[in-house]
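Undergrad: Take the sequence shown: its letters are residues -28 to -1, 1 to 362, numbered as in mature numbering (1 follows the signal peptide of the UniProt record, and there is no 0).
Yeah, the Cβ is synthetic: ideal placement off N, Cα and C, and Gly gets one too.
None of the values given here were measured: they were computed from a predicted structure.
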Amino acid sequence: MTTPLRNTAFAMCVALVATLLGCSPQWQQPEAPSLQYQHHWQRLKNQFISPQGRVIDLGSERGITTSEGQAYAMFMALVANDPATFAKLLRWTQEQLLADHTFGQSPAWLWGRNDQGQWQVLDNNAAADADIWMAYALLTAGKRWQQPQYSDYGRALANQVLKHQTRKTSEGLVLLPGPQGFVREHGFTINPSYFSLPLFIGLAQLTQDKRWLQVHHTSLILLQRMQRLGGIPDWVDVNTRLQITSQQTQADAANKLHGSYDAIRSYLWLRMEADRSGQSLRQLSLRFNALNNRLQQLPAPQQLLLSKGAEPTFEGQAPVGFYPAYAHYLGTSASQSLWQQVAGWPEAQYADRYYDTMLLLFGVGYNQCYRFTQQGALQINAASNCQASN
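1) Return the CA-CA distance between Gln196 and Gln88, expressed in angstroms with no decimal places.
2) By the DSSP assignment, the beta strand (DSSP E) with His189 in it spans what residues?
3) Which of the three DSSP states, helix, strand or coil, is assigned to His12?
4) Rounded to whole angstroms, what is the Cα-Cα separation between Phe286 and His73?
5) Could you check where the alpha helix (DSSP H) with residue 366 kicks off and where it finishes?
6) Got a sec? Which residues, its chain only, sit under 6 Å from Ser238 by beta carbon, not counting five neighbours each side?
7) Under 6 Å: does the beta carbon of Ala128 sit that close to some heavy atom of the ligand PLP?
8) Are the beta-carbon atoms belonging to Ile107 and Gly150 less than 7 Å from one another?
9) Using alpha carbons as the reference points, say which of Pro271, Arg266, Tyr295 lies closest to Glu283.
10) Here's the rule: buried if 16 or more other CB atoms are within 10 angstroms of the residue's CB, otherwise exposed. What is Gly76?
11) In its own chain, which residues sit with a C-beta less than 6 Å from the C-beta of Gln347, not counting the 5 before and 5 after it?
12) Alpha carbon to alpha carbon, how far is Asp101 from Glu319? Give it in angstroms, no decimals.
13) Using 10 angstroms around the beta-carbon of Gln269, count the other beta-carbons present and answer buried if the total reaches 16, otherwise exposed.
14) If you run the structure through DSSP and keep just helix, strand and coil, what is Ala354?
15) Within the same chain, show all residues whose beta-carbon is closer than 7 Å to that of Ser22, passing over the 5 residues directly before and after it, in chain order.
16) With H, G and I counted as helix, E and B as strand and the rest as coil, what does DSSP make of Trp117?
17) Under three-state DSSP, which class holds Asp95?
18) List the whole-angstrom C-beta distance separating Asp103 from Gln132, where the pair is believed to meet the contact cut-off of C-beta under 8 Å.
19) Please report the residue range of the alpha helix (DSSP H) in which Leu302 lies.
20) By the DSSP assignment, the beta strand (DSSP E) with Gln275 in it spans what residues?
21) Tell me Thr161's beta-bridge partners as DSSP assigns them.
22) Is Gly(-7) buried or exposed, if buried means 16 or more other CB atoms sit within 10 Å of its CB?
23) I need the straight-line Cα distance from Gln152 to Thr161, nearest angstrom please.
24) Measuring only the C-alpha atoms, how far is Gln321 from Lys140?
25) So which of Gln340, Asn264, Leu242, Asp124 has the shortest CA-CA distance to His188?
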């Protein structure tokens, strides 16, 4: 498991990588298949990715595909050094989610079967998190596999995000969830799980566009201000001064902010940012004490009910995909019991669940196969247990 000592060692490593070329993270090599990146990557390819390169949400009534699924799978293919699968995923995205194959626009976020049984785009709005992960994957793949066209696509998509999915605030550009539907009279609705902090640093370097540093800055401020809520909500309203304006009352659960399905990713992104920056979550003011205490008990919670000035309420039992995010967030020996839950979870219970599979790939992969340097560059473990087997 990740420890404070390892965090410090990794931060020192990436800071000195230019001169100490042999320095690398202490990658884990677990024996349980459920803790192995290659195992889950093969599951994703075999069960969720069509021969044409479409990532299918098997549990959805309309057989949907999202730009998020395409983007996440492209990132996973990059980590697995699987350029053939990456190319298929990209081609399907270009042909079905984009009118402009060169990424002169963002991909539509939702594709599936309509009420008449036809397969088509169901919602033309874009999803910022998908665009960010896709742009980062394209830019990094362009460098790794000497594919300059990928880099061109990545730069174009990153620029689309800055142009259409950010707004000015007193602290700089803030990231919106998409181009349409998130601007309010006195502020914005945001989705904190879209704040993939290390990627913003990486995009600033890869595109040489320093506006990404503003996005990183405002995202960090908002996450820090969520300490007053006791956790990270799925959605929240903020004003142009980045103050949280969503109304919550302690007496009315219907008016509380919910942190669950969307927000769970945020806790993994926080660990990635702490490791990248070489600071602890406490130093970054990104530690939620009540959640830390609750995670000492099993099962882990599925949902947090949040309100200003009050301890969060924990509800439900988390699915398997939540456990890696929680475990990385804890980042101490206390997370051992969470990883044991993952190792012992019957695979049949989540084999066809898209989101659990993606969360497992992110979480297990972060132990074994990838990290982010201080400059936000992707550092990949070239060991065989991270590489595609075919």
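TA: Inspection of the coordinates gives the following:
1) Between the alpha carbons of Gln196 and Gln88 lies a distance of about 46 Å.
2) Per DSSP, His189 belongs to no beta strand (DSSP E); it is in the alpha helix (DSSP H), 183 to 197.
3) Here His12 sits in helix by DSSP.
4) Near 44 Å, if we compare the C-alpha coordinates of His73 and Phe286.
5) Because residue 366 is not part of the residues shown, which for the chain are -28 to 362, the question remains open.
6) Taken in chain order, the residues that qualify are Pro164, Ser165, Ile204.
7) Judged by which ligands are present, the structure shown has none, so any question about the ligand PLP falls away.
8) Correcting the residue type first, residue 107 is Ala in the shown sequence and not Ile. With contacts defined by Cβ atoms closer than 7 Å, Ala107 and Gly150 do not form a contacting pair.
9) For the options Pro271, Arg266, Tyr295, the alpha carbon positioned closest to that of Glu283 is the one of Arg266.
10) Burial call: exposed.
11) Within the same chain, Gln347 has close Cβ partners Gln177.
12) If I take the Cα positions, the gap works out to 28 Å.
13) Under this definition Gln269 is an exposed residue.
14) Residue state, collapsed to three classes: coil.
15) Excluding positions up to five away in sequence, the list reads Ile28.
16) Coil, per DSSP.
17) Three-state result, Asp95: strand.
18) About 7 Å; that satisfies the 8 Å criterion.
19) Leu302 -> alpha helix (DSSP H) spans 294 to 302.
20) Here the beta strand (DSSP E) through Gln275 covers 275 to 278.
21) Asp209, per the DSSP bridge assignment.
22) For Gly(-7), the predicted structure reports a pLDDT of 40, less than 50, and the residue's modelled location is therefore unreliable. A value from the coordinates is still provided. Its Cβ having fewer than 16 others within 10 Å, Gly(-7) is exposed.
23) In a straight line, the C-alpha of Gln152 is about 11 Å away from that of Thr161.
24) Going by the C-alpha atoms only, they are around 44 Å apart.
25) Among Gln340, Asn264, Leu242, Asp124, the Cα nearest to that of His188 is on Leu242.
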